[in-house]
Amino acid sequence: MICATSGMTEYMPWLKYKLAAINELKSTKLEWTHFIVGYFLDYYGMPHVKTHLPPFLVSVDVANKLARIPGTGNDAVTFTYSYDVAKFVAVALDMDKWEEETIVAGDKATWNEFLRLAEEIRCCQFDVEYDSIEKLKTWQITELPSHVSSYGLYPKELMQFLMAGLERAMVADIKVVKIEDMLRENWKTG
Numbered sequence: 001m002i003c004a005t006s007g008m009t010e011y012m013p014w015l016k017y018k019l020a021a022i023n024e025l026k027s028t029k030l031e032w033t034h035f036i037v038g039y040f041l042d043y044y045g046m047p048h049v050k051t052h053l054p055p056f057l058v059s060v061d062v063a064n065k066l067a068r069i070p071g072t073g074n075d076a077v078t079f080t081y082s083y084d085v086a087k088f089v090a091v092a093l094d095m096d097k098w099e100e101e102t103i104v105a106g107d108k109a110t111w112n113e114f115l116r117l118a119e120e121i122r123c124c125q126f127d128v129e130y131d132s133i134e135k136l137k138t139w140q141i142t143e144l145p146s147h148v149s150s151y152g153l154y155p156k157e158l159m160q161f162l163m164a165g166l167e168r169a170m171v172a173d174i175k176v177v178k179i180e181d182m183l184r185e186n187w188k189t190g
């Protein structure tokens, strides 16, 4: 998922429980680690992929050839297949010592890169919309068909709130220097 910080509880209020659990673990003598895995890649292979996860799409709906991307789509996102997470957990069991955080990253891409790859593999252009940061700050998203089918479990208002929180976490208001920018800016003369 996302590396949780207390500042994120404003737009992802369920994180306060996760952070409370981590703080409780810190107060014990148990050895533990918090696995940070990004988004489960399983969601984007459904219904064909072997998985035990229920459908929960964020941003790109490969089956329906739709994308509802937060921000510009240029923020990097980490994806990991759940079976690969299990492999990392198995390896961690043999480690002598665990750090508080164990980062598991199967692959990394921006939503735009992910979209281009999905379009290439599906041999078509997807219907694409971008949700601005301003829209996400109002707890609104452009919904995907899978969101509508989940309204029996999560009312629309709650689904919008949850998804907007996830998407806001992906879209940083902070501009960072990218590798290409660093190299071009500092080596453009040869």
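In this text, residue positions in the sequence shown follow the UniProt record's numbering: the first is 1, and each later residue adds one. In this text, a Cβ means the ideal position worked out from N, Cα and C, and glycines have one as well.
When the five nearest sequence neighbours on each side are left out, the beta carbons in the same chain lying within less than 8 Å of the beta carbon of residue 129 are those of 67, 68, 69, 142, in order along the chain.
Following the DSSP letters along the chain, one finds residue 133 inside the alpha helix (DSSP H) bounded by residues 133-137. Across the set 62, 20, 53, the C-alpha of 62 shows the shortest separation from the C-alpha of residue 145. Residue pairing by DSSP places residue 62 opposite no residue, since no beta bridge is assigned to it. Under a 10 Å Cβ-count criterion, residue 38 is classified as buried, with 16 or more other Cβ atoms of the shown protein chains found around its own Cβ. Contact check for residue 28 against residue 100 fails: the beta carbons are separated by 8 Å or more. Separation of the CB atoms of residue 60 and residue 114 is rounded to 6 Å, and the pair is thereby assigned contact status at 8 Å.
Excluding its 5 nearest sequence neighbours in each direction, residue 46 has C-beta neighbours in its own chain below 6 Å: 55, listed in chain order. The continuous alpha helix (DSSP H) containing residue 87 extends over residues 82-93. Under DSSP, the beta-bridge partners assigned to residue 79 are 39, 107. Here the alpha carbon of residue 17 sits roughly 23 Å from the alpha carbon of residue 77. The beta carbon of residue 122 sits closer than 8 Å to those of 62, 65, all from its chain and outside the five residues before and after it, given in chain order.
At the C-beta level, residue 104 and residue 80 come within 8 Å of one another. The C-beta separation of residue 41 from residue 106 comes to about 6 Å, placing the pair in contact by the 8 Å criterion. Residue 96 and residue 152 have their C-alpha atoms some 45 Å from each other. In this structure, 84 is the residue among 134, 75, 84, 135 with its C-alpha nearest to the C-alpha of residue 36. For residue 69, the beta-bridge partners assigned by DSSP are 130. Burial of residue 15 is indicated by the presence of at least 16 other C-beta atoms within 10 angstroms of its C-beta. With respect to the 8 Å criterion, residue 73 and residue 112 are classified as neighbours on the basis of their beta carbons.
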